[in-house]
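*Asks:* To start, I am sharing the structure in question, which I have written as structure tokens.
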């Protein structure tokens with residue numbers, strides 16, 4: 001029987017230890033639940049912040065892509081305008097060289113007293129060509145101004161302000 005008493009004492013002691021351990025776990029798990037809840041809340045906040053940042057990044061990337069597309073279009077337009085201006089300038093240089101040569105020939109003929117109708121006609125044709133090229137240059141300049149005005153109107157209709165050359169936004173920058 002003493003073995004039974006001893007076993008009973010050991011079982012009682014073990015049950016008391018288990019009971020006190022469960023009490024300790026209950027106390028710890030109560031604090032742990034609060035801590036877990038707090039950590040979950042922080043995790044949710046971080047996830048929300050992360051998703052907001054991801055959306056901002058996507059928005060910025062889209063804005064950047066739109067701006068790049070717009071700048072590429074502007075670059076294409078300005079490149080075409082520059083090519084047109086170069087052609088007009090080349091024509092003006094050629095016409096001015098022809099006009100100078102004809103004027104020199106006309107002056108020489110007048111000095112020699114040998115003015116013929118063909119020389120005068122050539123001088124007049126060169127002068128007319130010069131006027132045509134000047135008109136073409138004026139037209140190219142007007143087209144450039146109209147292109148800029150069209151771009152400003154388009155920007156104002158879409159609600160965007162164009163960038164000024166000094167890097168600031170808007171017309172009063």
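Residue numbers (full-length UniProt numbering): 1 to 173. Every residue, glycine too, gets a C-beta built ideally from N, C-alpha and C.
Between the alpha carbons of residue 61 and residue 141, how many angstroms are there, rounded?
*Replies:* Taking the chain shown and counting its residues from 1, one reaches residue 61 at position 61. Taking the chain shown and counting its residues from 1, one reaches residue 141 at position 141. Taking the straight line joining both Cα atoms gives about 36 Å.
*Asks:* In three-state terms, what does DSSP make of residue 159?
*Replies:* Looking up residue 159 in the chain shown gives position 159. In this structure, residue 159 counts as coil in the three-state DSSP scheme.
*Asks:* Is DSSP giving residue 115 helix, strand or coil here?
*Replies:* Residue mapping note: residue 115 aligns to position 115 of the chain shown, counting from 1. Residue 115: coil per DSSP, three-state reduction.
*Asks:* Taking residue 111 and residue 119 to be in contact with their CB atoms under 8 Å, please state how far apart those CB atoms are, rounded to whole angstroms.
*Replies:* For this step, residue 111 is matched to residue 111 along the chain shown. For this step, residue 119 is matched to residue 119 along the chain shown. Your pair residue 111 and residue 119 does not check out as a contact, with CB atoms roughly 13 Å apart and the cut at 8 Å.
*Asks:* Can you have a look at residue 165 and say buried or exposed, based on whether 16 or more other CB atoms are within 10 angstroms of its CB?
*Replies:* For the purposes of this step, residue 165 is taken as the residue at position 165 of the chain shown. Confidence is the limiting factor: at residue 165 the pLDDT is only 48, short of 50, which leaves the residue's position unreliable and the question unanswerable from this model.
*Asks:* Secondary structure at residue 103, three-state DSSP: helix, strand or coil?
*Replies:* Working through the chain shown from its first residue, we reach residue 103 at position 103. In this structure, residue 103 counts as helix in the three-state DSSP scheme.
*Asks:* Taking all protein chains shown into account, do 16 or more other C-beta atoms lie within 10 angstroms of the C-beta of residue 145, making it buried, or fewer, making it exposed?
*Replies:* Residue numbering aside, residue 145 sits at position 145 when the chain shown is read from its first letter. With fewer than 16 Cβ atoms within 10 Å of its Cβ, residue 145 is classed as exposed.
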